[in-house]
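The structure appears below as structure tokens.
There are 2 protein chains.
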Amino acid sequence: MKPNVAIMGATGAVGAELLELLDERNFPLNSLKLLASARSAGKKIEFKGETLTVEELTHDSFEGIDLVLASAGGSLSKEYAPSAVKAGAIVVDNTSFFRMTEGVPLVVPEVNPEAIKEHKGIIANPNCSTIIMALPLAPLHKAFGIKRCVVSTYQAASGAGAKAMEELKEETEAHLKGEAYENTVINQPYAFNLFPHNSPMLDNGYVEEEMKMVNETKKIFQDPDFKVTATCIRVPIMRAHSESINLEFEKPFTIEEAYELLKNAEGVEVYEDRENNLWATPLMASGKDPVYVGRIRRDLSCENGLELWVVGDQVRKGAALNAIQIAEKLEY
Amino acid sequence: MKPNVAIMGATGAVGAELLELLDERNFPLNSLKLLASARSAGKKIEFKGETLTVEELTHDSFEGIDLVLASAGGSLSKEYAPSAVKAGAIVVDNTSFFRMTEGVPLVVPEVNPEAIKEHKGIIANPNCSTIIMALPLAPLHKAFGIKRCVVSTYQAASGAGAKAMEELKEETEAHLKGEAYENTVINQPYAFNLFPHNSPMLDNGYVEEEMKMVNETKKIFQDPDFKVTATCIRVPIMRAHSESINLEFEKPFTIEEAYELLKNAEGVEVYEDRENNLWATPLMASGKDPVYVGRIRRDLSCENGLELWVVGDQVRKGAALNAIQIAEKLEY
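Top to bottom, those sequences are chains L and Y.
Its first residue numbered 1, the first sequence is counted upward by one per residue in our numbering.
Its first residue numbered 1001, the second sequence is counted upward by one per residue in our numbering.
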């Protein structure tokens, strides 16, 4: 059976990527409904040669819908996902709202596909930085047991939305002309600048984005004792996230084994041009499906340590692609 | 006695900063000689209202000179520093050439000033990323014993020289206009992009820049067993370096103790606006003397761990200022 699909937040950055991927992957759907705020209602969007009109999201939007791809923000998912489930739809939610809710599977399809079947109507898509990290970590954790993971991120403007990307562009233009610019999306200068991630600061000194990486990874790996510490930094990059990841393993390993596991990991591509000292960058990873891994080397500072450089498209595998891959594994 | 001073590499980015700092700090000097390649000889540079003419660097340039501030590249230091020493000068060398040479002190004046007096004519200025890291680490290492340090850097264009800064600006302008741009200084796209540090790749999988942080820190701390692993990344920032630093201590500690040590550390400034979630950034640190530290928090992933966010001006404390602070402690 081909599902009737609705996209919540069809006019956002992830919404646009969802539409592109549904087309590109020839996702089997019976009908497609685009939902957004009243402000965007009436907007026309092309999909496979058809012109679709964006409709206002209401509690009655979900009649006859089998699958909702939700990407309109946590508060809207909180309010509308239960209505969608009541109407008989399965919701794949891109927001953070239900991720840590018990009974809601949190899924990276290459890592824990078996969790999908435990859903009760809602399946959560993890945080972008978490997905990008989980892919290369999963096979290494299985083989050698990750004792501790220290990650520092280099996160793109796309993570703060389409408006932040536009602001970075405009602000950089102004900066190069020597003109003043007043930031309205990001709360500090962003052109030729970087800063600790602007999600809310918690009592333990971490920001929410960092704790998402810590807690969501434990849930995906079904390992409440999995040890992660994260430092999340926003850099003046458009749309792919990079991560410097340091791992300590329980068991001894060889670099050859690590390479072999990463080369065979689904969704992961080992990318290195050692001779020219060229590695994955956010520009080359933008618009691509895989999570790229390089700078694979034995850590000099501890016994069973490994250093990795990981880059993935935040909008794609970090959000839209992962959601669609979940949807592709569903039965309606 | 006020020294007769010569600057080797007077026309480069660090050379310009050395001149500015000699003026700003009212460095006590008797005369100032500007040395550079034949190509730059004849160029006029203002210093304290006087017009100085850049002279070509030769083996005879050092007659009567007491202090050489060298910043013209490793191969020129290798060739000319011995001539300067033979002529009776003390060389404070900004290049990497002599840093690991036995008998050459490697000095961060706030950390190991006592090493200065062991010099035999040459004193080495550490790598910029190393200096910026060593300042906040020194008091913590003394108090709690650093068992292991994992650092990821966010390094500015200035570290690749004035030409790289100009290229980043030009390339970003072209990128925003949608025009093609051919990189000539950096070997890959740099506008709205970042990449693993472009210093030579070594057999152990680390790049030279990373091994400088590893080996130089051991020498500065006089602790051959000091454990560091580093991942160095070049970001599209003009002139300050940032570092995400994870520390594991031998001894238990309290966050209050860590704050107190960092607040009292010479050359370090704790910078945090927790309420507005604002922390040190490369833009705010540019042109400033201190190394800024923030995001000070207990690491959730191990017993005695600490996370730090550190930002310092690469050209200033990372190079020129540190060299001049060494020179200020010398006796001629």
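Yeah, the Cβ is synthetic: ideal placement off N, Cα and C, and Gly gets one too.
The structure displayed is predicted, hence computed values, not measured ones.
DSSP state of residue i mapped onto helix, strand, coil
| i | result |
| --- | --- |
| Phe-249 (chain L) | strand |
| Tyr-259 (chain L) | helix |
| Lys-227 (chain L) | coil |
| Ile-1326 (chain Y) | helix |
| Phe-1027 (chain Y) | coil |
Unbroken alpha helix (DSSP H) run spanning residue i, endpoints
| i | result |
| --- | --- |
| Ser-1040 (chain Y) | Note, Ser-1040 (chain Y): premise wrong, no alpha helix (DSSP H); not H, not E. |
| Val-14 (chain L) | 13-24 |
| Lys-1163 (chain Y) | 1162-1176 |
| Val-1214 (chain Y) | 1208-1220 |
| Pro-136 (chain L) | 128-144 |
According to DSSP, residues forming a beta bridge with residue i
| i | result |
| --- | --- |
| Ile-122 (chain L) | L:Val-91 |
| Gln-155 (chain L) | L:Arg-234 |
| Pro-196 (chain L) | L:Ile-233 |
| Met-1008 (chain Y) | Y:Leu-1035, Y:Ala-1070 |
| Ala-240 (chain L) | L:Asp-313 |
| Asp-1273 (chain Y) | Y:Leu-1278 |
| Val-150 (chain L) | L:Thr-229, L:Asn-246 |
Exposed unless 16 or more other CB atoms sit within 10 angstroms - verdict on residue i
| i | result |
| --- | --- |
| Met-1008 (chain Y) | buried |
| Asn-1094 (chain Y) | buried |
| Gln-222 (chain L) | exposed |
| Lys-142 (chain L) | exposed |
| His-175 (chain L) | buried |
| Ala-1180 (chain Y) | exposed |
| Tyr-332 (chain L) | exposed |
| Met-165 (chain L) | buried |
| Ser-1031 (chain Y) | exposed |
| Asn-204 (chain L) | exposed |
| Gly-1017 (chain Y) | Per the sequence shown, residue 1017 (chain Y) should be read as Glu rather than Gly. It is buried - the Cβ of Glu-1017 (chain Y) has at least 16 other Cβ atoms within 10 Å. |
| His-59 (chain L) | exposed |
| Thr-1281 (chain Y) | buried |
| Lys-1317 (chain Y) | buried |
| Thr-1231 (chain Y) | buried |
| Lys-1078 (chain Y) | exposed |
| Gly-64 (chain L) | exposed |
Opening and closing residue of the beta strand (DSSP E) in which residue i lies
| i | result |
| --- | --- |
| Leu-1052 (chain Y) | 1050-1053 |
| Met-1001 (chain Y) | From DSSP, Met-1001 (chain Y) is part of no beta strand (DSSP E); its letter is neither H nor E. |
| Glu-179 (chain L) | Unbroken run through Glu-179 (chain L): none, as it is neither H nor E. |
| Glu-1269 (chain Y) | 1268-1270 |
Interface flag, residue i vs chain A, CB-CB below 8 Å
| i | result |
| --- | --- |
| Leu-1278 (chain Y) | As a matter of chain content, chain A is missing from the structure shown, whose protein chains are L and Y. |
*Segments assigned beta strand (DSSP E), at least 3 residues, entirely inside the segment 57-119 of chain L*: 67-70, 90-93
*In chain order, which continuous runs of the alpha helix (DSSP H) of length 4 or greater are located wholly inside the segment 1278-1315 of chain Y?*
1282-1285
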